[in-house]
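Trainee:
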Amino acid sequence: MFKVLFNSKKIQSVGHQTFLNFRAYSTTKKGRLDGKVALITGGADGVGKESSLLFAKEGAKVLVVDLNEIKGKEVVSQIKANGGEASFFRADVSKAADVKEMVEAAEKTFGKLNILFNNAGIMISEDDDSVNTTEEVWDKTMNVNLKGVFLGCKFGIPALKRAGGGTIINTASFVALMGAATPQIAYTASKGGVLALTRELAIIHARQNIRVNALCPGPLRTELLDKFLNTDEKRNRRLVHLPMGRFGYANEIANGALFLASDESSYVTANTFLVDGGLTSSYVTPI
């Protein structure tokens, strides 16, 4: 049941789509992702875990994808315990066969795919400057952080088309826009690639009812970052630049992902969506 408030009765036609300018308010609370199916890579921990839990809470059916089967299934169990629908699929996003199968699993399990959140990523502690970073570290970082996003889109976009459209969220980083305070050349370069890939895909598929946006977190209190910023010196090199004086939390990034996944962002595509505590806009840090 809806109460409808008309701002105007004027109808606008854009291409083959017609929109009526009104706002509809439901008298019963509905989730922001009701009726949607989401696939979240790296869904067993950190931002992926928080997003999986939040998306399910908001009504989505969630395929949790990760290499860590134990943690991934724990997330699924938590979702189900709270009345949501979810399933786990083990996949290495750097391998085309795995990615193809994970997309097929989403469609087979839930009937369609509406939201693709390419969130899986790694940050290797040996990642340094160009002189000291090994080729092995570079290749492994690129394979997961950049190739993994490419493969997700390669196999995910046809599924979104079969569903009539949808939204893609690619996890990048604030370091794709500015130099990192601590050397991490492979990670920074991989996230810069994610931004470029996101922009191009967004333009290619803009008229196919597919939106593609990059989510750019600032430094977070996650296991991934804690392993990299493993000394007081490294941590303080980051904290001194944060206007809010603290690292972010995974659930704060999940809230940003929820906006990009929902219809509330229906006119948002090719966007670099920063959730960084003001870091990239700060010239000096307030004390």
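Residue numbers for the sequence shown follow the numbering used here, so the first one is 522 and each next one is one higher.
Note that beta-carbon positions come from the ideal geometry of N, C-alpha and C, so glycine has one too.
#1: Kindly provide the ranges of any beta strand (DSSP E) runs that are 3 or more residues long and lie completely inside the segment 664-692, ordered along the chain.
#2: Secondary structure at T793, three-state DSSP: helix, strand or coil?
#3: Check this for me: beta carbons of I706 and D648, under 8 angstroms apart or not?
#4: Rounded to a whole number of angstroms, what is the C-alpha to C-alpha distance between N734 and N757?
#5: Starting from A717, follow the alpha helix (DSSP H) in both directions and report where the run begins and ends.
#6: One question on the structure: do L736 and A697 come within less than 8 angstroms of each other, judged by their Cβ atoms?
#7: Near L750, what residues of its chain come up, given a Cβ to Cβ distance below 6 angstroms and the 5 sequence neighbours on each side ignored?
#8: Hey, how far is the Cα of N639 from the Cα of F671?
#9: Which residues share a DSSP beta bridge with E606?
#10: Would you tell me roughly how many angstroms separate the C-alpha atoms of V846 and A710, rounded to the nearest one?
#11: Helix, strand or coil, according to DSSP, for R553 in the structure here?
#12: Sort A717, T654, K582, I643 by Cα distance to V665 and report the nearest one.
#13: For I645, which of helix, strand or coil comes out of DSSP?
#14: Are the segment 600-607 and the segment 560-580 touching, with three or more C-beta to C-beta distances below 8 angstroms?
#15: Whole angstroms is fine: what's the gap from V715's alpha carbon to N691's?
#16: According to DSSP, is N589 helix, strand or coil?
#17: Short check: CB of G564 to CB of S573, under 8 angstroms?
Mentor: So, from the data block:
#1: Whole beta strand (DSSP E) segments, 3+ residues: 687-692.
#2: Numbered from 1 along the sequence shown, position 272 holds the residue referred to as residue 793. In the three-state scheme derived from DSSP, where H, G and I count as helix and E and B as strand, T793 is classed as strand.
#3: Taking the sequence shown and counting its residues from 1, one reaches residue 706 at position 185. Taking the sequence shown and counting its residues from 1, one reaches residue 648 at position 127. Yes, these two residues count as a Cβ contact at 8 angstroms.
#4: Mapped onto the sequence shown, residue 734 falls at position 213. Mapped onto the sequence shown, residue 757 falls at position 236. Looking at the two C-alpha atoms, the distance is approximately 31 angstroms.
#5: Residue numbering aside, residue 717 sits at position 196 when the sequence shown is read from its first letter. Note, A717: alpha helix (DSSP H), 706-725.
#6: Stepping through the sequence shown from its first residue, residue 736 is reached at position 215. Stepping through the sequence shown from its first residue, residue 697 is reached at position 176. Not closer than 8 angstroms, so no.
#7: Translated into positions along the sequence shown, residue 750 becomes position 229. These residues qualify, in order along the chain: R756.
#8: Your numbering for residue 639 matches position 118 in the sequence shown. Your numbering for residue 671 matches position 150 in the sequence shown. N639 and F671 have their C-alpha atoms some 9 angstroms from each other.
#9: Position 85 of the sequence shown, counted from the first residue, corresponds to residue 606. Per DSSP, K582.
#10: In this structure the chain extends from 522 to 808, so residue 846 is not present and cannot be described.
#11: On the sequence shown, position 32 is the one that residue 553 refers to. Note: R553 maps to coil in three-state DSSP.
#12: Indexing the sequence shown from 1 puts residue 665 at position 144. Of the candidates A717, T654, K582, I643, the one whose C-alpha sits nearest the C-alpha of V665 is I643.
#13: On the sequence shown, residue 645 is found 124 positions in, with the first residue counted as 1. It is coil, neither helix nor strand.
#14: Segment contact: the segment 600-607 against the segment 560-580, three or more CB-CB distances shorter than 8 angstroms; contact assigned.
#15: As a first step, residue 715 is located in the sequence shown; it is residue number 194 there, counting from the start. As a first step, residue 691 is located in the sequence shown; it is residue number 170 there, counting from the start. About 7 angstroms.
#16: What you label residue 589 is simply residue 68 of the sequence shown in a count that begins at 1. It is coil, neither helix nor strand.
#17: By 1-based counting over the sequence shown, the position of residue 564 is 43. By 1-based counting over the sequence shown, the position of residue 573 is 52. With contacts defined as CB atoms closer than 8 angstroms, G564 and S573 qualify as a contacting pair.
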